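Let me begin by presenting the structure, written as structure tokens, before commenting on it.
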Amino acid sequence: MRIERLEAAYDIEVVYRHFPLHPETPDAGLTLEELFAGRNLDVPRMQSEMAERMAEEGLEYGTRTRTYNSRLAQELGCWADTREGGARIHDDLFRAYFVDDVNLADIDNLVGLVARAGLDATDARVALEERRFREQVDADWARSAELGITGVPTFVAGIRGLVGAQPYEAIERLVVESGAVQRTS
């Protein structure tokens, strides 16, 4: 993926920040037709286009039928970032949501992902039930609002940013113009 290529090529630190994409979505989720109701959008065509874009990046994309509230998944991501080997949970969450159509608002589903990732499922459950990372996600959401971010993904380096899926070269230009140094090894 593009971000991993950048990390390998440049001396940069990638930090995932969270964004409130459809925070009003109920925990049980919504069908995509419900989510986009009144917008005159062709959901099957949108799904097909998304699958094509994902395939171009070497990513799988399932036939997702619903959207779910991702708030707890974001809190889980913050928790995982504090654990050795926890960074992989971001890819697992991506796959669960976009390929397997898993409800990421369900704590049991999230804890199952943690267990499959080889992380401490008991600690993750407690962190989610106690909402230990609520404030960190709140801070990310506030920072997104400060920066005027309105969509995902958004790439920020220094004081500049790019919104939406971007080619590798555009993201590379962003980090270079923000002062990133190429790795020598």
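According to our numbering, the sequence shown is numbered sequentially starting from 269. Just so you know, even glycine gets a beta-carbon here, dropped at the ideal spot from N, CA and C. Every value quoted in this text rests on a predicted model; they were computed, and no experiment measured them.
Item	Value
Given a cut-off of 7 Å on the beta-carbon distance, is the pair residue 275 and residue 282 in contact?	yes
Could you spell out the range, first to last residue, of the beta strand (DSSP E) harbouring residue 289?	Counting along the chain, residue 289 falls outside any beta strand (DSSP E), and DSSP gives it neither H nor E.
Along the chain, which unbroken stretches of the beta strand (DSSP E) at least 3 residues long are found entirely within the segment 390-452?	422-425 and 428-431
Contact between the segment 326-342 and the segment 360-373 is defined here as three or more beta-carbon pairs at a separation below 8 Å; is this criterion met?	yes
To the nearest angstrom, how far is it from the Cα of residue 320 to the Cα of residue 385?	28 Å
According to DSSP, is residue 336 helix, strand or coil?	coil
Which residues does DSSP pair with residue 278 in a beta bridge?	450
Under the rule that 16 or more other beta-carbon atoms within 10 Å means buried, what is residue 427, buried or exposed?	exposed
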